[in-house]
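Structure, as structure tokens:
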Amino acid sequence: MQFGIFGVGDIAPDPTTGIPRSETKRIHDTITLAKAADELGLDVFAVGEHHNPPFVASAPPVLLAHIAAQTQNILLSTSTTLITTNDPVKIAEDYAFLQHVALGRMDLMLGRGNTVPVYPWFGQDIRDGVPLALEHYNLLHKLWREDVVDWEGRFRTPLQGFTATPRPLDGVPPFVWHGAIRTPEIAEQAAFHGNGYFANHILAPNLHFKPLVDFYRQRFEHYGHGRAQDAIVGLGGQAFLAKRSQDAYNGFQPYFESYPMFRGTSLDQVAESTPLSVGSPQEVIDKTLTFQEGFGDYQRQLWLIDLGSIPIEVALEQLELLATEVVPVLRTEMDSRRAPGVPDAPTHASLVEATYGEAEPRQARPRPNSGDNTSGPLPYLDSDPAMPAQMPRFA
Amino acid sequence: MSVGEAPLRLVAISAGTGDPSTTRMLTDRAVQATATRLRESARVVSAEVIELAPIAAQIAQSLVSGFPTETVKEAIERLAAADALVVTTPVYKAGISGLLKSFIDLLDNDLLIAKPVLLAATAGSARHAMVVDDQLRPLFAFLRALPAPTSLFAAPEDWGSADLGKRVERAGGELAALAISGVGRDIADGGWSGYQHSFGGSATRAERTADDIDIDTDLMRLARGGS
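Protein sequences, first through last, are from chains A and B. So the mapping is simple: the numbering used here equals the position in the first sequence, first residue as 1, plus 246. So the mapping is simple: the numbering used here equals the position in the second sequence, first residue as 1, plus 3.
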């Protein structure tokens with residue numbers, strides 16, 4: 247079971263001063279939090295993607311590459327990478343590059359995104375959101391698994407003789423989670439490939455997403471990846487803790503009041519009816535255990551703890567309480583409740599082992615430049631001769 | 004009364020806020036007229052009225068948070084389970100009640116597909132007589148509901164006119180006829196996949212569990228790597 251934190255680089259006024267952080271400060275606060283999460287032994291740090299203020303979240307691979315260099319053990323991920331508006335070719339390259347930089351200590355989560363104008367800004371139509379996400383992932387999947395890709399689809403320029411570089415580390419593509427909260431087709435795609443499925447599990451009623459998780463589990467089994475209970479499920483959550491419950495409620499109240507999605511509601515009500523955990527470490531533990539009861543055994547729990555309005559000092563206190571008083575207890579408790587044989591989420595090491603066993607993993611070595619900035623129809627020394635590049639060539 | 008037949012469920016929404024409320028009075032008369040006609044046709048009828056005023060704050064809250072509160076959800080589920088609806092609004096500032104519109108805004112697009120509905124409004128002046136047909140009818144057209152041909156409207160003077168009672172009876176008869184005919188059910192059953200749906204919705208035919216999901220669609224094939 248992996249425990250970690252996720253965020254989207256949002257910036258909002260600090261309710262005590264009324265002043266929002268600068269973009270520089272927010273970016274470096276995020277890095278500080280990631281380093282602390284690593285030092286405190288959390289398993290995952292994930293950042294989301296937005297392309298508009300008040301967010302600084304436009305370049306997750308850049309941020310994660312920097313964090314990779316500053317951390318030792320924590321797995322870096324996204325929450326989410328926009329599979330709809332990004333070019334899947336660039337996603338293939340950026341995240342494979344990150345995989346090499348981080349030496350496999352990464353994976354990624356794909357989502358449609360929820361900012362309406364981002365579609366037209368990136369030349370897409372939001373009404374095509376679902377088919378865009380599906381088709382783009384189909385291409386991404388191929389780009390990471392085939393050295394030479396010929397491809398034609400509805401949304402993107404066709405490809406002829408294209409090789410996404412670098413090839414995935416050790417020839418093993420990054421593990422992919424598909425994030426969705428309302429779209430059975432995305433769950434189907436995750437299940438078909440045996441990829442992970444993530445429900446953000448924030449801002450909605452408790453267990454609201456269970457039917458989709460169940461569908462994903464059922465289809466995961468249908469496609470022969472394992473039993474339904476073995477499907478790779480991740481859940482979000484949101485937490486604000488203090489040693490004493492009332493201090494947590496009092497401490498969170500000002501941030502709660504200024505959060506757009508909570509307007510018109512009371513903190514008590516939201517804490518009662520949604521996955522938001524506010525209270526003592528024990529209360530957060532109890533609430534999180536209800537997720538396991540409701541959704542079944544799952545592999546990844548991420549909490550949102552650093553809303554844009556929460557100063558880094560407060561976020562670090564939250565992180566420490568979470569990592570020292572909540573996560574260790576949950577590790578033990580959830581393990582003891584876990585059904586026998588339910589797997590952990592894949593990591594680079596486990597995927598390498600599953601792919602090669604004792605054999606040596608692939609190390610892609612390109613052939614020399616053939617004089618036109620390509621390495622010819624068989625781009626790597628070990629390229630499959632049955633799949634040469636079909637490139638336009640002049641005699 | 005026929006034995007063994009499930010009762011027809013008549014559900015009314017009243018957006019009136021007063022007590023007593025003329026909107027509620029018109030609602031009750033329309034429900035009464037419809038139920039009477041249904042009983043004359045040997046049908047077992049259950050009737051219930053959802054008052055929006057007591058859940059007004061929850062309606063507003065549900066709009067902002069994006070998810071209906073439990074109370075609002077319960078009201079929506081009663082609409083979904085209805086065989087026929089009566090919807091009554093007061094006219095404010097030459098338009099339908101914002102409370103009613105807020106409530107309607109919370110409904111899934113497919114909640115009321117082909118559902119027989121009697122539309123009604125009350126107002127302080129006969130000059131607002133067209134609000135029900137100019138505003139409520141297009142709203143229920145968007146929802147693909149099945150409005151009865153006759154709409155009801157009551158200005159103050161109508162409460163002293165026998166004609167109001169006649170119109171109520173006529174409209175109630177129309178709604179009863181639509182409900183008895185089963186045409187709404189036939190329309191929805193016959194072309195359900197052709198309407199816009201969302202997973203996990205409140206409509207009686209909505210896909211709610213893994214077993215309901217249609218996996219034989221173009222998008223599902225694309226999800227499995229096909230084109």
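Cβ atoms here follow ideal geometry from the backbone N, Cα and C, with glycine treated the same way.
Cross-strand partners of residue i (DSSP beta bridge)
i: Q547 of chain A; result: A:F249 and A:L481
i: T429 of chain A; result: The partner list for T429 of chain A (beta bridge, DSSP) is empty, contrary to what the question assumes.
i: T125 of chain B; result: B:P93 and B:A157
i: P612 of chain A; result: A:Y626
i: T324 of chain A; result: A:V293
i: D256 of chain A; result: A:F301
i: V422 of chain A; result: A:L354
i: G3 of chain B; result: With chain B represented from 4 up to 230, any question about residue 3 of chain B goes unanswered, as that position is not in the structure.
Limits of the beta strand (DSSP E) - the one that residue i falls within
i: T92 of chain B; result: A87 to Y95
i: T3 of chain B; result: Outside the shown range of chain B, which is 4 to 230, sits residue 3 of chain B, and nothing can be said about it.
i: M355 of chain A; result: L354 to G357
i: Q406 of chain A; result: L405 to F408
i: G442 of chain A; result: G442 to A445
i: D396 of chain A; result: V395 to W397
i: S523 of chain A; result: L522 to G525
N-terminal and C-terminal residue of the alpha helix (DSSP H) that residue i is part of
i: A60 of chain B; result: A59 to S68
i: E172 of chain B; result: A165 to S184
i: I16 of chain B; result: Looking at the DSSP string, I16 of chain B is not in any alpha helix (DSSP H); the run it does join, the beta strand (DSSP E), is L11 to S17.
i: L378 of chain A; result: G375 to L389
i: V575 of chain A; result: V573 to R583
i: G497 of chain A; result: S491 to E503
i: Y602 of chain A; result: H594 to Y602
i: F143 of chain B; result: R140 to F145
i: Q515 of chain A; result: L513 to S519
i: Q35 of chain B; result: T25 to E43
i: D108 of chain B; result: G101 to D108
i: Q564 of chain A; result: I558 to L567
i: L415 of chain A; result: Per DSSP, L415 of chain A belongs to no alpha helix (DSSP H) and is neither H nor E.
Helix, strand or coil at residue i [DSSP, three-state]
i: E232 of chain B; result: Nothing in the structure corresponds to residue 232 of chain B, since chain B is present only between 4 and 230.
i: M4 of chain B; result: Caution applies to M4 of chain B, whose pLDDT of 45 falls short of 50 and renders its modelled position unreliable; the model cannot decide the point.
i: A315 of chain A; result: helix
i: A338 of chain A; result: helix
i: H454 of chain A; result: coil
i: L149 of chain B; result: strand
i: I216 of chain B; result: coil
i: V120 of chain B; result: strand
i: L487 of chain A; result: strand
i: P307 of chain A; result: helix
i: H471 of chain A; result: coil
i: P506 of chain A; result: helix
i: F368 of chain A; result: coil
Counted within 10 angstroms of its Cβ, other Cβ atoms place residue i as buried (16 or more) or exposed
i: M4 of chain B; result: Residue placement at M4 of chain B is poorly supported in this model, since its pLDDT is 45, which falls under 50; the coordinates still yield a value, given next. Classification for M4 of chain B: exposed.
i: Q61 of chain B; result: buried
i: G69 of chain B; result: exposed
i: N298 of chain A; result: exposed
i: E54 of chain B; result: buried
i: M352 of chain A; result: buried
i: T520 of chain A; result: buried
i: P420 of chain A; result: buried
i: V89 of chain B; result: buried
i: W549 of chain A; result: buried
i: I265 of chain A; result: exposed
i: S304 of chain A; result: exposed
i: M507 of chain A; result: exposed
i: F145 of chain B; result: exposed
i: Y501 of chain A; result: buried
Proximity below 8 Å, CB of residue i to CB of residue j
i: T327 of chain A; j: G375 of chain A; result: no
i: D590 of chain A; j: Q545 of chain A; result: yes
i: A426 of chain A; j: V335 of chain A; result: no
i: S154 of chain B; j: L109 of chain B; result: no
i: V422 of chain A; j: L354 of chain A; result: yes
i: A124 of chain B; j: L142 of chain B; result: no
i: L349 of chain A; j: Y383 of chain A; result: no
i: L82 of chain B; j: P119 of chain B; result: no
i: D476 of chain A; j: V588 of chain A; result: yes
i: V293 of chain A; j: Q248 of chain A; result: no
i: G510 of chain A; j: V67 of chain B; result: yes
Cutoff 8 Å: residue i Cβ touching any chain E Cβ
i: I183 of chain B; result: The chain labelled as chain E is not found among the protein chains of the depicted structure, namely A and B.
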